[in-house]
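In the numbering used here, the protein residues as written are 1 to 267.
Written out as C-alpha cells, the structure reads:
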C-alpha cells in the first residue's frame with residue numbers, strides 16, 4: 001500500500017486489474033486496483049423511503065419484508081457486502097392507518113437480526129398548508145381551453161396537513177462522502193452501492209467517483225423513474241429487478257433476544 005498524492009490509499013497488486021464498466025478514475029487521483037477475481041469490499045447505502053415507495057409501485061410484488069444483506073449480495077455477487085447503512089425515519093401515527101408505525105418497527109427489528117445493518121434516522125415534520133383544490137384547478141383549465149379568460153379567477157383553496165420526511169437524503173450523502181474519504185481500510189469501502197433515485201444525491205456521488213476516485217453504483221428501486229442526474233455521475237445505474245426482490249425476503253418468522261415475531265400480513 002502507498003499513499004496517493006491527495007492522501008488516499010492506493011492498493012496495488014501484480015495481477016491484471018479488475019475493471020468497472022463505465023468508470024474511469026480522474027487524472028491524478030489515487031484509486032484501488034485489485035487483481036481480477038478479487039472481491040471488493042462493498043458498502044450499501046439504502047434510502048429507506050425511496051425504496052419503500054418504489055416497492056409499493058410494483059404491481060403484483062409484495063416484497064417489503066426485504067433482507068437487505070441478501071439483496072446486496074445478489075446485486076454485487078462478486079463483492080463482499082461488509083456493511084449496510086439504512087437511512088429512514090419513524091413514521092408518524094396516522095388515524096387512517098394506526099398500525100403503520102408498529103409494522104415499521106417490526107421491520108427495523110427484523111433488520112437488526114442481520115447484524116450488519118446500521119440504521120440512521122431522520123425525522124418527520126408536519127405543518128398546515130393552503131393548497132388549491134384539485135377539481136377546482138381542473139375546472140379552470142377546462143374553461144381556459146374553451147377560450148375563456150380565467151386569469152383573474154382563483155381556484156378554490158383548502159387547508160391541508162403536509163407530512164414530509166426530513167434528513168435521509170442529507171444523511172446518506174454525508175455518510176457516503178465521509179466514508180469514501182477515510183484512509184483506514186476498516187472505515188471505508190472499495191465500492192459503494194446506493195439504492196435510491198433521489199437526484200439530490202448526485203453531487204455526493206460525483207465527489208466520490210470523480211474526486212475520491214471510487215466507484216459508486218446506483219440501483220433504482222422504481223425502474224420507471226428518471227435518473228439523468230445520477231446517471232451522469234455514477235459508475236453505472238441499473239434497475240432493481242423483481243426476481244432479486246422475491247429472492248431476498250426475510251423468513252416470515254424471526255427470533256431475537258425479545259422472542260419470536262412475524263412478518264406483518266400487509267407485507
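In this text, a Cβ means the ideal position worked out from N, Cα and C, and glycines have one as well.
Because the structure is a prediction, the values reported are computed rather than measured.
Beta strand (DSSP E) segment containing residue i, residue limits
{"i": "residue 227", "result": "First-last for residue 227: undefined, no H or E at that position."}
{"i": "residue 256", "result": "253-256"}
{"i": "residue 137", "result": "Run containing residue 137: none in the beta strand (DSSP E); it sits in the alpha helix (DSSP H), 134-145."}
{"i": "residue 259", "result": "259-262"}
Cross-strand partners of residue i (DSSP beta bridge)
{"i": "residue 120", "result": "87"}
{"i": "residue 189", "result": "DSSP, once it has assigned bridges, lists no residue as partnering residue 189."}
{"i": "residue 130", "result": "159"}
{"i": "residue 236", "result": "217"}
{"i": "residue 42", "result": "81, 191"}
{"i": "residue 266", "result": "DSSP lists no partner for residue 266."}
Straight-line Cα distance separating residue j from residue i
{"i": "residue 41", "j": "residue 255", "result": "29 Å"}
{"i": "residue 195", "j": "residue 258", "result": "30 Å"}
{"i": "residue 144", "j": "residue 130", "result": "23 Å"}
{"i": "residue 248", "j": "residue 54", "result": "16 Å"}
{"i": "residue 31", "j": "residue 87", "result": "At residue 31, the pLDDT of 36 sits below 50, so the modelled position is not reliable and the matter cannot be decided from this model."}
{"i": "residue 104", "j": "residue 49", "result": "11 Å"}
Buried versus exposed call for residue i [16 or more other C-beta atoms within 10 Å across all chains shown]
{"i": "residue 12", "result": "Legend: pLDDT at residue 12 = 34, less than 50; position of this residue unreliable, value from coordinates given subsequently. Result: exposed."}
{"i": "residue 221", "result": "buried"}
{"i": "residue 76", "result": "buried"}
{"i": "residue 151", "result": "exposed"}
{"i": "residue 61", "result": "exposed"}
{"i": "residue 160", "result": "exposed"}
{"i": "residue 273", "result": "The structure shown does not extend to residue 273, since the chain is modelled only from 1 to 267, so the question has no answer here."}
Start and end residues, alpha helix (DSSP H) containing residue i
{"i": "residue 212", "result": "From DSSP, residue 212 is part of no alpha helix (DSSP H); its letter is neither H nor E."}
{"i": "residue 202", "result": "202-206"}
{"i": "residue 246", "result": "242-246"}
3-residue-minimum beta strand (DSSP E) runs that sit fully inside the segment 155-183, ordered along the chain: Inside the segment 155-183, DSSP marks whole beta strand (DSSP E) runs of 3 or more residues at positions 157-166, from first to last along the chain.
Starting from the N-terminal side, write out each stretch of the alpha helix (DSSP H) that is 4 residues or longer and does not extend beyond the segment 48-113. Listed in chain order, the complete alpha helix (DSSP H) runs (minimum 4 residues) inside the segment 48-113 are 48-56, 68-75, 100-112.
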